[in-house]
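For reference, the structure is listed below as structure tokens.
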């Protein structure tokens with residue numbers, strides 16, 4: 106019995122040490138990616154190509170999800186607000202929920218599932234099929250040529266996608282509240298205009314999505330580069346990207362929100 | 112006699128605590144095709160990775176063109192690698208680039224040649240491997256043999272002094288196998304480079320190589336010209352060249368006594 110306890114304590118210890126070791130590796134890798142980013146800026150076409158794959162191809166899922174989230178917000182907001190006779194404030198509710206929280210968070214979660222997993226799988230498979238080794242043997246650094254452009258493409262795409270998610274969400278809220286239910290159009294837009302502050306709400310939302318962009322793509326490229334070069338290894342890395350990104354997004358969101366929105370003007 | 116291109120002295124390498132190479136000594140002259148043979152897991156590919164500077168030795172050294180590979184800084188190592196080519200087991204073509212772009216990759220990365228000149232050079236390299244007409248195809252559209260020929264064209268893109276081939280004959284049909292074999296020989300002679308072929312394929316490689324090294328248990332157990340190797344009476348070489356089932360490399364993985372494993376004594380006691 107005591108031996109079994111010792112073994113389980115040892116197993117926990119191993120897991121903790123492994124976790125810390127991996128965190129250290131990830132931090133070193135992140136610094137390396139930043140140091141080797143010069144090629145990405147000197148040959149920006151490499152980044153633009155990746156922006157197409159991670160950003161443009163994610164547009165459909167982002168726009169459609171944004172529309173539905175906005176529509177649901179409009180419905181739920183109207184349902185509650187009309188009890189107090191303040192249904193005209195539905196525009197405020199939709200806009201603030203989207204630009205402060207749902208826009209950055211939801212789009213980051215969708216981005217992690219759509220683009221983050223694709224980045225991990227692509228880099229992992231390149232490793233498994235020795236393409237990264239071949240590149241290294243050709244005196245071309247795979248971190249500079251493969252990893253850094255994908256990282257920067259993700260960082261650039263994320264705030265833009267979040268902005269589009271919010272815009273579509275506001276449009277979805279407008280569709281439901283004004284077009285379908287019949288809330289007054291003037292009060293819908295004017296309440297939104299009065300309540301949403303550019304610096305306090307919109308800029309903070311954009312800052313959040315920038316943080317999420319860095320977190321998701323850093324996790325995605327690291328997991329891909331670190332994946333064991335087997336089918337099982339790549340599939341495990343892809344799953345880890347989605348799970349770790351989701352946790353990182355939600356954790357970061359809490360920390361950033363607590364710094365940004367203190368409930369006082 | 113000119114200075115050898117590659118000198119390997121007392122080379123040792125271990126993965127964690129497991130020794131892969133114990134003490135390897137080799138000398139490879141310029142302009143030759145050299146084969147390194149040995150069983151699976153004998154450390155042949157690791158030897159190529161040590162020559163290319165992908166991993167560092169635990170003892171000894173590899174000298175390529177007079178430079179000790181593991182002591183080179185990153186920039187010097189990359190400068191040396193520009194003069195090396197490597198053909199990976201399954202080609203390792205970049206799957207998101209066409210055949211043309213794969214061959215042009217190094218030229219675009221390392222030179223400032225105009226696109227018109229790159230086009231001509233790429234077509235010449237592809238012509239040398241017989242695939243000029245396939246320049247527009249994607250790697251997924253190629254057969255195994257064609258992919259390896261494209262990878263060969265890619266590895267000679269910058270006219271290297273040395274090409275390393277990691278199991279170039281694995282999984283090929285007899286025609287592709289013979290095409291790859293003769294291409295290795297012809298390109299080595301035509302471009303005046305040195306080729307190192309890591310392989311299991313005794314019959315095909317003995318037709319094209321100038322010298323053979325046998326690697327087993329982390330050391331070079333035998334070496335010689337193809338004619339010497341065919342006549343060799345060294346038990347390991349004889350077993351390997353003639354593909355015999357049992358010999359110094361046993362058929363059975365080490366295990367307990369068969370009778371004990373089947374518990375025959377207990378049952379019949």
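Residue numbers (the working numbering), protein chains in the order written: chain V, 106 to 370; chain L, 112 to 380.
Don't be surprised by glycine CBs; every beta carbon is placed ideally from N, CA and C.
All values derive from a computational prediction rather than experimental measurement.
What does residue i touch in chain L if you count any residue whose Cβ is under 7 Å from its own?
| i | result |
| --- | --- |
| residue 163 of chain V | None at all; the shortest Cβ gap to chain L is about 18 Å. |
| residue 235 of chain V | 199, 203 |
| residue 325 of chain V | Correct list: empty, because the minimum Cβ distance to chain L is about 17 Å. |
Please name the residue in the options whose C-alpha comes closest to that of residue i.
| i | options | result |
| --- | --- | --- |
| residue 261 of chain V | V:114, V:159, V:107, V:109 | V:159 |
| residue 143 of chain L | L:266, L:334, L:299 | L:299 |
| residue 197 of chain L | L:270, L:121, L:254 | L:270 |
| residue 189 of chain L | V:340, V:145, V:234, V:244 | V:244 |
| residue 174 of chain L | L:154, L:124, L:203, L:117 | L:117 |
| residue 323 of chain L | L:212, L:132, L:155 | L:155 |
| residue 207 of chain L | L:367, L:309, L:216, L:201 | L:216 |
| residue 304 of chain V | V:366, V:296, V:287 | V:366 |
| residue 317 of chain V | V:149, V:264, V:141 | V:264 |
| residue 343 of chain V | V:222, V:268, V:309, V:241 | V:222 |
| residue 136 of chain L | L:325, L:310, L:195, L:210 | L:325 |
| residue 176 of chain L | L:140, L:369, L:232, L:278 | L:140 |
| residue 229 of chain L | L:261, L:219, L:265 | L:219 |
| residue 308 of chain V | V:152, V:268, V:253, V:358 | V:268 |
| residue 332 of chain L | L:257, L:148, L:309, L:273 | L:148 |
| residue 328 of chain L | L:150, L:126, L:128, L:127 | L:150 |
| residue 126 of chain L | L:146, L:170, L:346, L:145 | L:170 |
| residue 259 of chain V | V:300, V:153, V:288 | V:153 |
| residue 352 of chain L | L:364, L:365, L:337 | L:337 |
| residue 219 of chain V | V:148, V:347, V:360 | V:347 |
| residue 150 of chain V | V:139, V:253, V:169, V:119 | V:253 |
Spell out the partners DSSP gives residue i in its beta bridges.
| i | result |
| --- | --- |
| residue 277 of chain L | L:309 |
| residue 110 of chain V | Residue 110 of chain V pairs with nothing; no bridge assigned. |
| residue 122 of chain L | L:135 |
| residue 189 of chain V | The partner list for residue 189 of chain V (beta bridge, DSSP) is empty, contrary to what the question assumes. |
| residue 326 of chain L | L:331 |
| residue 197 of chain L | L:275 |
| residue 129 of chain L | L:126 |
| residue 178 of chain L | L:175 |
| residue 147 of chain L | L:309, L:324 |
| residue 117 of chain L | L:139, L:175 |
| residue 170 of chain L | L:123 |
Excluding sequence positions up to five away, which residues of its chain have a Cβ less than 6 Å from the Cβ of residue i?
| i | result |
| --- | --- |
| residue 160 of chain L | 166 |
| residue 363 of chain V | none |
| residue 282 of chain L | 255 |
| residue 278 of chain V | 175, 178, 179, 199 |
| residue 199 of chain L | 277 |
| residue 234 of chain L | 243 |
| residue 212 of chain V | 167, 266, 267, 270 |
To which residues of the same chain is residue i closer than 7 Å at the C-beta, ignoring the five residues directly before and after it?
| i | result |
| --- | --- |
| residue 180 of chain V | 281 |
| residue 294 of chain V | 196 |
| residue 303 of chain L | 142 |
| residue 247 of chain V | 237, 240, 241 |
| residue 275 of chain V | 175, 199, 200, 203 |
| residue 112 of chain L | Note that residue 112 of chain L scores 48 on pLDDT, short of 50, meaning its location in the model is unreliable and no value can be drawn from it. |
| residue 249 of chain L | 209 |
| residue 250 of chain V | 144, 240 |
| residue 289 of chain V | 193 |
So residue i contacts chain C; which residues on that side make the cut at Cβ distance below 8 Å?
| i | result |
| --- | --- |
| residue 178 of chain L | Of the chains in the structure shown, none is chain C; the protein chains are V and L. |
Which residues of chain V have a Cβ atom closer than 8 Å to the Cβ of residue i, listed in chain order?
| i | result |
| --- | --- |
| residue 252 of chain L | Result: empty, since nearest Cβ-Cβ is about 16 Å, beyond 8 Å. |
| residue 195 of chain L | 242 |
Which residues in the same chain as residue i place their Cβ atom closer than 8 Å to its Cβ, once the five residues preceding and following it in sequence are excluded?
| i | result |
| --- | --- |
| residue 233 of chain V | 332, 334, 335, 336, 338, 339 |
| residue 138 of chain L | 115, 117, 118, 119 |
| residue 208 of chain V | 171, 267, 268, 270, 271, 274, 310, 314 |
| residue 315 of chain L | 280, 288, 289, 292 |
| residue 354 of chain V | 210, 213, 214, 217, 317, 320, 321 |
| residue 346 of chain L | 358, 359 |
Anything in chain V within Cβ reach of residue i, meaning under 7 Å, just list it in chain order.
| i | result |
| --- | --- |
| residue 189 of chain L | 244 |
| residue 163 of chain L | 242 |
| residue 217 of chain L | 243 |
List the residues of chain L whose Cβ lies closer than 8 Å to the Cβ of residue i, in chain order.
| i | result |
| --- | --- |
| residue 271 of chain V | Going along chain L, no residue has its Cβ under 8 Å from residue 271 of chain V, so there is no contact; the nearest lies around 32 Å. |
Between residue i and residue j, how many whole angstroms is the CB-CB distance? I'm expecting something under 8 Å.
| i | j | result |
| --- | --- | --- |
| residue 178 of chain V | residue 198 of chain V | 7 Å |
| residue 255 of chain V | residue 328 of chain V | Contact flag wrong, Cβ pair sits at about 12 Å. |
| residue 286 of chain L | residue 319 of chain L | The Cβ separation is near 16 Å, so there is no contact. |
| residue 194 of chain L | residue 273 of chain L | 7 Å |
| residue 262 of chain L | residue 203 of chain L | 7 Å |
Counting only Cβ pairs nearer than 9 Å, list the residues of chain V close to residue i.
| i | result |
| --- | --- |
| residue 221 of chain L | 243, 244, 245 |
Residues of chain L with CB closer than 9 Å to the CB of residue i, please, in chain order.
| i | result |
| --- | --- |
| residue 353 of chain V | Per Cβ cutoff of 9 Å: no residues; residue 353 of chain V is ~28 Å from chain L at best. |
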